[in-house]
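Shown next, in structure tokens, is the structure this report addresses.
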Amino acid sequence: MLDWLKVNLQYVTPKHLLSRLVGKLAQAEMGSVTTFFIKLFIKQYNVDMTEALHEKPEHYRSFNKFFTRPLKPEARTIDENEDVLIHAVDGTVSQFGDIHSDSIFQAKGHDFSLTTLLGGKPEVAAPFKNGKFATIYLAPRDYHRIHMPVEGTLTDMLYVPGELFSVNPLTAQNIPGLFARNERVVALFDTPVGKMAMVLVGATIVASIETVWAGTVTPPAGKNVQHWSYEKDTEASVFLEKGAELGRFKLGSTIVVCFEKDMINFEDIAPGMVTRLGEPMASKLSSQEIASQDVASPEPEQNSDEFDDDAGETKKETPSEGADS
């Protein structure tokens with residue numbers, strides 16, 4: 001009954017208003033009051049501050065500065081093997097596996113549309129049909145900067161308006177099409193393994209989504225899909241190395257990363273597994289592996305394990321505000 005209430009109350013809660021109000025408070029610099037709430041948060045969620053570049057709560061002038069805190073350089077090691085794609089975030093695997101045509105597995109009994117996830121644009125979704133995906137949940141205690149799984153050149157960014165449901169495991173198991181319903185930012189890259197889509201999914205209380213090349217993308221929230229294109233070999237082009245920071249959440253959320261067909265294989269990951277930035281997530285397929293898959297044409301895998309850890313378009317100019325670091 002309690003779980004039913006937690007899920008269904010979200011339908012009537014003014015999620016955008018609540019999230020923007022919390023965002024204002026999180027941005028405020030209130031001295032000892034800010035420090036008190038940071039200490040309370042650290043205790044409540046058992047945040048490991050020994051990994052933070054600045055360990056003392058008093059260092060952070062706002063809650064947002066604390067929440068997007070950088071780590072010590074030695075806190076994470078990036079796997080430098082050129083054939084390995086790394087985990088982009090600290091989090092927990094929600095689901096991963098094959099994209100079945102235009103369908104991505106969310107949780108037992110729930111799928112969502114790849115095309116809808118990527119802004120309702122068939123031409124954007126086309127390279128990823130029958131490809132691979134991974135959905136990673138970031139809990140409040142986690143490090144909240146997102147990094148590149150593999151080197152890549154930015155080609156497009158989309159802002160997609162939507163709801164702000166919670167993205168915790170309980171909600172993912174009960175809200176149909178959750179990740180394709182929530183507000184999100186989609187970044188598309190050309191990489192050594194083909195096209196890659198990194199989707200930063202907003203959620204209740206997530207006051208802001210930022211990228212390193214455009215600064216704050218949301219808020220303000222819009223009512224239409226917005227699409228920015230980035231031409232290669234120009235002043236506006238963006239190339240990010242493997243392991244480089246891509247963006248960040250102010251308060252916790254989820255990423256969905258998509259790859260083209262026959263380009264990668266996932267390593268030893270499973271729903272509910274804890275991920276750490278820089279550790280192996282997937283490997284590039286060799287030409288021999290691609291050829292053997294084309295011949296064998298096996299049935300695509302489907303992950304059915306539940307993750308039950310309780311833990312109208314408008315064109316705009318490219319944003320120019322840099323991400324606050």
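So in the UniProt record's numbering, spot 123 of the sequence shown is number 123, and the numbers just go up one at a time.
All residues carry an ideal CB built from backbone N, CA and C; glycine is no exception.
When the alpha-carbon of valine 274 is set against those of Leu138, Leu85, Ala125, Ser103, the nearest one is in Leu138. With a minimum length of 4 residues, the unbroken runs of alpha helix (DSSP H) contained wholly in the segment 58-102 fall at 63-67. DSSP, reduced to helix, strand and coil, places threonine 50 within a helical segment of the structure shown. Nearest C-alpha to phenylalanine 41 among Val257, Asp156, Gly278, Leu251: Leu251. By the beta-carbon neighbour count (other beta carbons within 10 angstroms, threshold 16), glutamate 29 is exposed. Counting C-beta pairs with one atom in each stretch, the segment 91-104 and the segment 44-60 have fewer than three that are closer than 8 angstroms, which means they do not touch. When the beta-carbon positions are compared, glycine 119 and leucine 178 stay at least 8 angstroms from each other. Excluding residues up to 5 positions away in sequence, Pro280, Ser283 lie with their Cβ nearer than 7 angstroms to the Cβ of valine 84 in the same chain. For glutamate 210, no alpha helix (DSSP H) encloses it; the enclosing beta strand (DSSP E) starts and ends at 208-211. For the pair alanine 107 and glutamine 173, the Cα-to-Cα distance works out to about 5 angstroms. When the alpha-carbon of leucine 117 is set against those of Asn130, Cys258, Gly278, Asn265, the nearest one is in Cys258.
Counting C-beta atoms within 10 angstroms of its own C-beta, glutamine 226 has 16 or more neighbours from the protein chains shown and is therefore classed as buried. Around the beta carbon of phenylalanine 36, fewer than 16 other beta carbons lie within 10 angstroms, which makes this residue exposed. At the C-beta level, valine 256 and threonine 135 come within 8 angstroms of one another. With contacts defined by Cβ atoms closer than 8 angstroms, histidine 144 and arginine 248 form a contacting pair. Assignment of lysine 195 by DSSP, reduced to helix, strand and coil, places it in the strand class. Take the alpha-carbon of arginine 184 and the one of alanine 214: they are about 15 angstroms apart.
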